[in-house]
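K.L.:
So the sequences go chain by chain: A and B.
Counting from 1, position 272 in the first sequence corresponds to residue 535 in my numbering; the numbering is continuous, with no gaps.
Counting from 1, position 54 in the second sequence corresponds to residue 79 in my numbering; the numbering is continuous, with no gaps.
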Amino acid sequence: MQRGNRATSRLSRLPWLLCLAVLPALGLAALVPLADRLLARNQARALLEQVRQELAEPGGGSPAGLPAGCRPGWLLHLHHRGEELASWGDIGGCGVSRATATAGGFKWIGRGVTGGLLDVQCLATRNAYLDGAESLSLSTRLGTNLGYKWSLAATVPFLYNHEKVDSFGVEKEAYLPGFGDLSLEVTRKLGITNAHTLTLAVTAPTGAHDAVRRGVILPQRQQLGSGVMGASLTYEYTRDFDWGLMIYGGTLGWGGWENSVGDFRAPSLSGYLYAGYLLGPLVPSAGLTVTGRFMSDRERHVTTMNAREMFSIVPTLGLEWSSDYLAVMLSLSTTLSFQRMDSWTIGLGLQTSLF
Amino acid sequence: MDVLRKLLLLAGCLTLGACAALSGRPGTGTQAAIDDEAQAARARIGRKVKGLIVWSSSRAGNHNLFTMNPDGSHIKMITRGETVDWFPRFSPDGREILFCRSKQGWVYERDANMNFKWDLFTVSSDGGEPRKVAGDACWGTWTGPRQIMFSRNTKVFTKDLGSGQEKLLLDSTRVESLGGAELQQPQLSPDGKCLALTLRGARRQTGVYDLQAHSWAHTGEGCQVNWFPSGGRILWVNPSGNGGSELFSIPLKGCRPEREYSYEEMRYLDIPGRRSHEYFPKLSPDGKWLVWAATRRGHDHDIADYEIYIWEVGRPAAEATRLTFHSGNDRWPDIFTLATGGEHAAGQ
Numbered sequence: 264m265q266r267g268n269r270a271t272s273r274l275s276r277l278p279w280l281l282c283l284a285v286l287p288a289l290g291l292a293a294l295v296p297l298a299d300r301l302l303a304r305n306q307a308r309a310l311l312e313q314v315r316q317e318l319a320e321p322g323g324g325s326p327a328g329l330p331a332g333c334r335p336g337w338l339l340h341l342h343h344r345g346e347e348l349a350s351w352g353d354i355g356g357c358g359v360s361r362a363t364a365t366a367g368g369f370k371w372i373g374r375g376v377t378g379g380l381l382d383v384q385c386l387a388t389r390n391a392y393l394d395g396a397e398s399l400s401l402s403t404r405l406g407t408n409l410g411y412k413w414s415l416a417a418t419v420p421f422l423y424n425h426e427k428v429d430s431f432g433v434e435k436e437a438y439l440p441g442f443g444d445l446s447l448e449v450t451r452k453l454g455i456t457n458a459h460t461l462t463l464a465v466t467a468p469t470g471a472h473d474a475v476r477r478g479v480i481l482p483q484r485q486q487l488g489s490g491v492m493g494a495s496l497t498y499e500y501t502r503d504f505d506w507g508l509m510i511y512g513g514t515l516g517w518g519g520w521e522n523s524v525g526d527f528r529a530p531s532l533s534g535y536l537y538a539g540y541l542l543g544p545l546v547p548s549a550g551l552t553v554t555g556r557f558m559s560d561r562e563r564h565v566t567t568m569n570a571r572e573m574f575s576i577v578p579t580l581g582l583e584w585s586s587d588y589l590a591v592m593l594s595l596s597t598t599l600s601f602q603r604m605d606s607w608t609i610g611l612g613l614q615t616s617l618f
Numbered sequence: 026m027d028v029l030r031k032l033l034l035l036a037g038c039l040t041l042g043a044c045a046a047l048s049g050r051p052g053t054g055t056q057a058a059i060d061d062e063a064q065a066a067r068a069r070i071g072r073k074v075k076g077l078i079v080w081s082s083s084r085a086g087n088h089n090l091f092t093m094n095p096d097g098s099h100i101k102m103i104t105r106g107e108t109v110d111w112f113p114r115f116s117p118d119g120r121e122i123l124f125c126r127s128k129q130g131w132v133y134e135r136d137a138n139m140n141f142k143w144d145l146f147t148v149s150s151d152g153g154e155p156r157k158v159a160g161d162a163c164w165g166t167w168t169g170p171r172q173i174m175f176s177r178n179t180k181v182f183t184k185d186l187g188s189g190q191e192k193l194l195l196d197s198t199r200v201e202s203l204g205g206a207e208l209q210q211p212q213l214s215p216d217g218k219c220l221a222l223t224l225r226g227a228r229r230q231t232g233v234y235d236l237q238a239h240s241w242a243h244t245g246e247g248c249q250v251n252w253f254p255s256g257g258r259i260l261w262v263n264p265s266g267n268g269g270s271e272l273f274s275i276p277l278k279g280c281r282p283e284r285e286y287s288y289e290e291m292r293y294l295d296i297p298g299r300r301s302h303e304y305f306p307k308l309s310p311d312g313k314w315l316v317w318a319a320t321r322r323g324h325d326h327d328i329a330d331y332e333i334y335i336w337e338v339g340r341p342a343a344e345a346t347r348l349t350f351h352s353g354n355d356r357w358p359d360i361f362t363l364a365t366g367g368e369h370a371a372g373q
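#1: Count the other CB atoms within 10 Å of the CB of Gln486 (chain A); is the residue buried (16 or more) or exposed (fewer)?
#2: Indicate whether Leu461 (chain A) and Tyr423 (chain A) have their beta-carbon atoms separated by less than 8 Å.
#3: Is the beta carbon of Asp295 (chain B) sitting closer than 8 Å to the one on Pro254 (chain B)?
#4: Once you ignore the five residues that flank Gly380 (chain B) on each side, which residues in its own chain have a CB closer than 8 Å to its CB?
#5: Tell me the DSSP bridge mates of Gly454 (chain A)?
#6: Any contact between the segment 166-186 of chain B and the segment 205-222 of chain B? By contact I mean 3 or more CB pairs, one from each, below 8 Å.
#7: Check whether the Cβ atoms of Ser374 (chain B) and Ile455 (chain A) lie closer than 8 Å to each other.
#8: Go to Tyr288 (chain B), then tell me how far its beta strand (DSSP E) extends in each direction, as first and last residue.
#9: Please list, in chain order, all residues of the same chain as His340 (chain A) whose beta carbon is under 6 Å from its beta carbon, the five residues on each side excluded.
#10: In whole angstroms, give me the CA-to-CA distance for Leu409 (chain A) and Leu617 (chain A).
#11: DSSP state of Asn390 (chain A), grouped into three classes?
#12: Grab me the residues of Glu107 (chain B)'s own chain with a C-beta within less than 6 Å of its C-beta, minus the 5 sequence neighbours each way, in chain order.
#13: On the three-pair Cβ rule with 8 Å, is the segment 287-294 of chain B touching the segment 348-364 of chain B?
#14: Would a check of beta-carbon distances place Gly543 (chain A) closer than 8 Å to chain B?
#15: Using the rule of at least 16 other Cβ atoms within 10 Å of the residue's Cβ for burial, across every protein chain shown, is Lys75 (chain B) buried or exposed?
#16: Identify the contact partners of Gly323 (chain B) in chain A, using a Cβ-Cβ distance below 9 Å as the criterion.
#17: Once the 5 residues before and after Glu572 (chain A) are set aside, which same chain residues still bring their CB inside 7 Å of it?
#18: Please classify Ile328 (chain B): does DSSP put it in a helix, a strand, or coil?
#19: Taking the alpha-carbon positions, what's the Phe527 (chain A) to Arg561 (chain A) distance?
#20: Taking the alpha-carbon of Tyr498 (chain A) as reference, which of A:Met592, A:His459 and A:Phe504 has the nearest alpha-carbon?
#21: Consult DSSP for Gly431 (chain A) and reduce its assignment to one of helix, strand or coil.
#22: For my contact list, Asp327 (chain B) and Arg356 (chain B) are in at a C-beta cut-off of 8 Å; report their separation, rounded to the angstrom.
#23: Return no unless some Cβ of chain B is closer than 8 Å to the Cβ of Tyr411 (chain A).
#24: Say whether chain A places a C-beta atom closer than 8 Å to the C-beta of Asn354 (chain B).
#25: Per DSSP, which residues does Ala384 (chain B) bridge with? Please list them.
#26: What is the rounded straight-line gap between the Cα of Met509 (chain A) and the Cα of Asn263 (chain B)?
#27: Taking Cβ-Cβ distances below 7 Å as the criterion, which residues of the segment 131-146 of chain B are in contact with chain A?
#28: Please go through the same chain and pick out, in chain order, the residues whose beta-carbon is closer than 6 Å to the beta-carbon of Lys452 (chain A), but skip the five residues on each side of it.
#29: Decide yes or no for the touch test of the segment 375-391 of chain A against the segment 533-549 of chain A: beta carbon pairs closer than 8 Å, at least 3 of them.
#30: Per DSSP, which residues does Glu271 (chain B) bridge with? Please list them.
#31: Where Ser274 (chain B) and Pro95 (chain B) are concerned, what is the direct C-alpha to C-alpha distance, given to the nearest angstrom?
#32: Helix, strand or coil: which one does DSSP assign to Thr566 (chain A)?
#33: Starting from the C-beta of Phe361 (chain B), find all residues in its chain whose C-beta is less than 6 Å away, skip the five residues before and the five after it, and write them out in chain order.
#34: Hey, could you find the ends of the beta strand (DSSP E) Gln249 (chain B) is sitting in?
#35: Considering only their Cβ atoms, is the gap separating Leu145 (chain B) from Ala162 (chain B) smaller than 8 Å?
#36: Strictly by DSSP, which residues pair up with Ile510 (chain A)?
As structure tokens, this is what we get:
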């Protein structure tokens, strides 16, 4: 019996162990650009050394006989400019990176998939709170372009929430599956290269906000929806680069009025930036989102946030692979609020463009 | 819940692992059928222009050079091997082709500015044994009957193929306005006074460098700047319009635009339809024909399914004619045209 419990315990730790394995892998992926740069630098140095030795050999390669680009002065110049020789190879044309919004807070950094009439993104996430609650979600985002400058999208999330609730003094498991709040967004591309976008998103209260399980109304975070209309306005700037900081943006979010059970999501302001490196079809990325709230959230008319929780930071790591027809993303993020980790999220995204 | 959790993690790891294991190289693809309408359009082109088009294609493995008539007929493979051969440019008399070749096997075009991965070769327009003309170099173009120009990361050189003498033309690390940027696809103006460039790395711009006044004029974003044969106008690729890219063009006075131009004024060509992601534009020596490649999906220059197009300059964009019908990657075309009744070394 004891052995069985130990085995179960080991099994329950398996997802955590897997995640612990994925984290360093993503970290290593983020170091690839650095390794690439070091490799390129070493190759350039080896090449220079080889030429230098040939020049030093008696009768070998007199400066006059060498092409102008290989004269000693040039070599000396190259030696002092070794850093610049270590090229990142950041070439590939224009319009290489184009981020798109994704439900769940993760962002596609790479090229993604384009060319069809209907862009489809699916994102499966697992969000785990440190106090044991968790939420699985599968969000589907359907988008289409209206001309060259406008695009429309709708996001439909399906959620599966789990939390231990206090049911009349007894702690019980509560599960809540169902559709969340439907989100509709319209995006306007701005600028001569469409590098700037402005997105207005409206959230409709299609998900349950007052679901009862085990005889109690579930806490706000475990509900499927907010119960009220919400809206957000996002500005985003995409730098057409192959590596480095590629995306900057900010979102002004309005969670709506207080809903029928006294829950209220405070207005917020977020700023984010993402860095990535386009390595052929693979794109490792890292992002940081900082969010501040103008006031505290309320639950059943009671203020639920203290001052430190009104400010949060979300670091994100991602790894994407894309072909002309399919793009895949694995992402990991954690939510930190003033020296404390609140939750972490792992996501798997798929993207295609149909018709 | 535990099962779902494990499934999600397992699916994520397996999917990414499988994706990572797949190569990023282009496929060799297959030839597609050409419908009657396309055949008729190609025949019309054949009646209007004689000459030769060269381009780089993955249809035989890593990219090789191929030639065809301007109507898409008589496709001929002129380089072979496992190296990547691309960016072909006809010599002024059309008898030779200058191209960039990887030193070893598959190399992404993304690494084109890593000059130590590439060499420049010439090959006869009708094939034969390629001859190395410059080491550690890429983006080669002809600046005279026996003179070429090329890029080595932050430097642009000219080289006399007769004497073998190289001359440094521009070093971006010594020009403040260029900021040490990598100099991609240098194109000398017909009068030899201005150098059109795409900057990458430290800067990301397109523009023209005045070789006499030593000044830089930033003309726009995008990439792949080309001169019109008259020298008074440039065109380039801008990431906007139908399909996510289109061609822009502006007039120049000397090496600079006279004024700022609006989006509508700069728009030059954006073909209608779904296959409208245009790249690699190149004008014929007489300025009457433009060739380029366009894809319907994807962007990667050396992987996506680009197809070669030809267009008679000044005609409606809808009259652009598709020349290749192959699911491999077809990129970087160049066209050499003959006066009607002329004869070409490559044979027709």
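Note that the Cβ used here is the ideal one computed from N, Cα and C, for glycine as well.
From a predicted model like this one, the values you see are computed outputs, not experimental measurements.
P.N.:
From the atom records:
#1: So Gln486 (chain A) counts as buried.
#2: Note that the C-beta distance between Leu461 (chain A) and Tyr423 (chain A) is not below 8 Å.
#3: Judged by their CB atoms, Asp295 (chain B) and Pro254 (chain B) are not nearer to each other than the 8 Å cut-off.
#4: The structure shown does not extend to residue 380 (chain B), since chain B is modelled only from 26 through 373, so no value can be given for it.
#5: DSSP output for Gly454 (chain A) lists no bridge partner at all.
#6: Judged by Cβ distances under 8 Å, the segment 166-186 of chain B makes contact with the segment 205-222 of chain B, as three or more pairs qualify.
#7: Summary: the structure shown does not reach residue 374 (chain B), with chain B confined to residues 26 through 373, and so no result is reported for it.
#8: For Tyr288 (chain B), there is no enclosing beta strand (DSSP E); the residue is found in the alpha helix (DSSP H) stretching over Tyr288 to Met291.
#9: Bear in mind that the predicted position of His340 (chain A) carries a pLDDT of just 32, short of 50, making it unreliable; the figure below should be weighed with that in mind. Same-chain partners within the cutoff: there are none.
#10: When only Cα atoms are considered, Leu409 (chain A) and Leu617 (chain A) end up about 15 Å apart.
#11: Here Asn390 (chain A) sits in strand by DSSP.
#12: Correct list, in chain order: Asn87 and Gly130.
#13: Too few Cβ pairs lie closer than 8 Å, so no.
#14: Yes - at least one Cβ of chain B is within 8 Å of the one on Gly543 (chain A).
#15: Lys75 (chain B) is buried by the Cβ-count criterion.
#16: In chain order: Arg374, Val376, Thr377, Gly378, Ser585, Ser586, Asp587 and Tyr588.
#17: Non-local C-beta neighbours of Glu572 (chain A) in its own chain, meaning closer than 7 Å and more than five positions away in sequence, comprise Ser600, ordered along the chain.
#18: Judged by DSSP in its simplified three-state form, Ile328 (chain B) adopts coil rather than helix or strand.
#19: C-alpha separation (whole angstroms): 5 Å.
#20: With distances taken between CA atoms, Tyr498 (chain A) lies nearest to A:His459 out of A:Met592, A:His459 and A:Phe504.
#21: Going by the sequence as given, residue 431 (chain A) is Phe instead of Gly. Residue state, collapsed to three classes: coil.
#22: Indeed, because the Cβ distance is near 7 Å, the residues count as touching under 8 Å.
#23: Interface with chain B (8 Å Cβ-Cβ cutoff): Tyr411 (chain A) is included.
#24: By this cut-off, Asn354 (chain B) is not an interface position.
#25: It is not possible to answer for residue 384 (chain B), since the shown part of chain B is limited to 26 through 373.
#26: If you take the alpha carbons of Met509 (chain A) and Asn263 (chain B), they lie about 18 Å apart.
#27: Look at the segment 131-146 of chain B: the residues with a C-beta under 7 Å from a C-beta of chain A are Tyr133, Glu134, Arg135, Asp136, Ala137, Asn138, Met139 and Phe141.
#28: Here the set comprises Lys412 and Thr460.
#29: No: fewer than three Cβ pairs fall under 8 Å.
#30: Answer is B:Asn263.
#31: Spanning the two alpha carbons is a distance of roughly 24 Å.
#32: In this structure, Thr566 (chain A) counts as strand in the three-state DSSP scheme.
#33: So the list reads Gly76, Leu77, Phe115 and Gly119, once near-sequence residues are dropped.
#34: Looking at the DSSP string, the run of the beta strand (DSSP E) that includes Gln249 (chain B) is Cys248 to Trp252.
#35: Yes, Cβ-Cβ distance for Ala162 (chain B) and Leu145 (chain B) is below 8 Å.
#36: As computed with DSSP, Ile510 (chain A) is found in a beta bridge with A:Thr501 and A:Tyr537.
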